[in-house]
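Participant: When you line the sequence shown up against the working numbering, it's residues 88 to 264, in that order.
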Amino acid sequence: MLRRFLSVLFLAWAIGFLAFVVALPRPLATPHKTDAVIVLTGAAGRIAHGLHVLEQGAARRLLVSGVDPEVRPGEFAAEFKVAPGLMACCVTLGYGAVDTRSNAAETARWVAANKVRSLRLVTSDWHMRRAAGELERALPENVQILRDAVPSQPDFGTLLLEYHKFLASRAAGLVSL
Numbered sequence: 088m089l090r091r092f093l094s095v096l097f098l099a100w101a102i103g104f105l106a107f108v109v110a111l112p113r114p115l116a117t118p119h120k121t122d123a124v125i126v127l128t129g130a131a132g133r134i135a136h137g138l139h140v141l142e143q144g145a146a147r148r149l150l151v152s153g154v155d156p157e158v159r160p161g162e163f164a165a166e167f168k169v170a171p172g173l174m175a176c177c178v179t180l181g182y183g184a185v186d187t188r189s190n191a192a193e194t195a196r197w198v199a200a201n202k203v204r205s206l207r208l209v210t211s212d213w214h215m216r217r218a219a220g221e222l223e224r225a226l227p228e229n230v231q232i233l234r235d236a237v238p239s240q241p242d243f244g245t246l247l248l249e250y251h252k253f254l255a256s257r258a259a260g261l262v263s264l
């Protein structure tokens with residue numbers, strides 16, 4: 088009996104992992120305007136994509152969550168070629184996050200302070216499900232979240248680790264209900 092249970096459990100895990108890998112979230116297919124764009128630091132392409140959304144007028148404000156405390160706004164602007172006016176009016180560097188859960192907490196505080204009703208979440212395709220789940224738990228239900236995944240080419244180890252983090256995050260979310 089135990090062997091059958093463990094076999095079914097392993098099969099469910101394997102099918103879930105396969106679905107997780109095959110159906111990675113995609114970029115938004117059509118243009119959408121939101122009050123803000125939220126970029127979670129980490130893999131390449133995230134910040135550049137968030138800045139592109141802002142520059143195209145698809146959002147009024149940008150929060151970059153999880154910025155290293157040693158990075159100054161001028162350094163950030165120089166690195167990503169952000170015009171001083173755009174940096175001053177529309178870009179906030181968030182220094183209060185060190186992981187996905189604290190990204191969600193930092194974002195929730197910023198969203199409340201800036202009266203944001205809709206946002207575009209920008210993170211890597213492999214990270215999107217867990218990040219969006221954490222953000223949905225941290226934000227009020229009336230805040231609309233659009234998922235805009237940055238395509239990447241994660242290796243097997245990254246996908247395996249992220250799948251387990253995703254499962255743990257989902258389980259923690261169920262426990263907190």
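Ideal Cβ placement from N, Cα and C applies to all residues, glycine included.
In terms of alpha-carbon separation, which member of V158, L149, V154, E157 lies closest to A175?
Facilitator: Checking every option, the nearest Cα to that of A175 belongs to L149.
Participant: Bridge partners of Q231, per DSSP?
Facilitator: Partner(s): S205.
Participant: My parser needs the alpha helix (DSSP H) runs of 4 or more residues fully inside the segment 105-154; what are they?
Facilitator: If we require 4 residues or more, the alpha helix (DSSP H) runs fully inside the segment 105-154 come out as 133-142.
Participant: Which residue from K252, A192, R234, D212 puts its Cα closest to that of P227?
Facilitator: The candidate whose alpha carbon is nearest that of P227 is A192.
Participant: Going by alpha carbons, who is nearest to T179 out of A255, A110, G161?
Facilitator: Ranking the options by Cα distance to T179, first place goes to G161.
Participant: Quick test of the definition: if touching needs 3 or more C-beta pairs under 8 angstroms, does the segment 130-146 touch the segment 200-213?
Facilitator: Result yes; three or more Cβ-Cβ pairs closer than 8 angstroms.
Participant: Among V126, V109, L261, which residue has its Cα nearest to the Cα of V209?
Facilitator: Comparing Cα positions, the closest option is V126.
Participant: Since E221 contacts I232 with CB under 8 angstroms, what's their CB separation in whole angstroms?
Facilitator: Not confirmed; about 11 angstroms, so no contact.
Participant: Do you know how far the Cα of L141 is from the Cα of H119?
Facilitator: Going by the C-alpha atoms only, they are around 12 angstroms apart.
Participant: If you reduce the DSSP assignment to three classes, tell me which class A184 lands in.
Facilitator: Residue state, collapsed to three classes: coil.
Participant: Since R159 is in the alpha helix (DSSP H), which residue starts that stretch and which ends it?
Facilitator: Segment: none, R159 is in no alpha helix (DSSP H) and carries neither H nor E.
Participant: Are the segment 234-241 and the segment 105-113 touching, with three or more C-beta to C-beta distances below 8 angstroms?
Facilitator: They touch, by the three-pair rule.
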